Each structure stands twice: as C-alpha cells, then as structure tokens.
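Residue numbers (the working numbering): 1 to 100. C-beta atoms are modelled at their ideal positions from N, C-alpha and C, and glycine is treated no differently. These figures come from a predicted structure and were not determined experimentally. In what follows, a structure is listed as structure tokens, so that the remarks can point back to it.
Okay, here's the thing in structure tokens:
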C-alpha cells in the first residue's frame with residue numbers, strides 16, 4: 001500500500017471512531033431524557049371520607065360524581081359489601097378547578 005492510501009484509511013478509521021463515540025453519547029443523552037420520575041403513591045378514599053373532606057357535600061353527591069365520571073374511581077367487591085374508592089388527587093383537583 002502506498003502512503004497516501006494508508007493515510008486515507010487512517011483518516012476514515014478515525015472518522016468512524018469519532019462517529020461511533022458521538023452515537024454512544026447521543027444514545028446516553030436520549031435515555032436520560034426519557035427517564036421518568038418514580039410514580040407517586042396513589043391514595044384512595046371511600047365515599048364517606050370524600051364527603052367529610054368538603055363541607056356541605058353529601059355522600060349521595062359523591063356517588064353521583066362517580067356515576068357521571070367526574071372523578072376517577074374503582075369498584076371493589078359487589079353488592080352490599082362492595083366499596084367505591086375514589087382517587088384523592090383527582091377529587092381535590094375537581095373542586096379546586098371549580099373555584100377558577
């Protein structure tokens with residue numbers, strides 16, 4: 001091989017190494033950008049607890065809010081012993097938004 005050919009191959013090799021390092025750095029930056037904070041603890045309240053949080057709010061009104069989909073909730077169990085649990089943060093946000 002001539003000296004000019006060897007220089008060209010060395011330059012190409014150096015460029016490839018630099019490109020590879022750049023790609024690794026970009027991948028590391030991208031993975032850090034997508035790091036999501038640890039999920040917050042979800043607190044669930046019963047209908048009675050929700051009604052007690054807001055003065056003048058009855059349990060019936062809270063049940064109607066759940067039925068209308070105004071607050072996030074889950075149903076545990078069925079029949080007389082079943083409970084409706086309501087997301088506390090969503091419940092508070094609903095009433096804070098009403099004041100605006």
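- For residue 83, there is no enclosing alpha helix (DSSP H); the residue is part of the beta strand (DSSP E) that begins and ends at 83–87.
- In this structure, residue 84 places its C-beta atom within 8 Å of the C-beta atom of residue 47.
- Ranking 61, 74, 6 by CA distance to the CA of residue 45 puts 74 first.
- DSSP, reduced to helix, strand and coil, places residue 22 within a helical segment of the structure shown.
- When the alpha-carbon of residue 76 is set against those of 86, 70, 68, the nearest one is in 86.
- For the region 38–66, the continuous alpha helix (DSSP H) assignments of 4+ residues that do not extend past its boundaries occur at 47–53, in sequence order.
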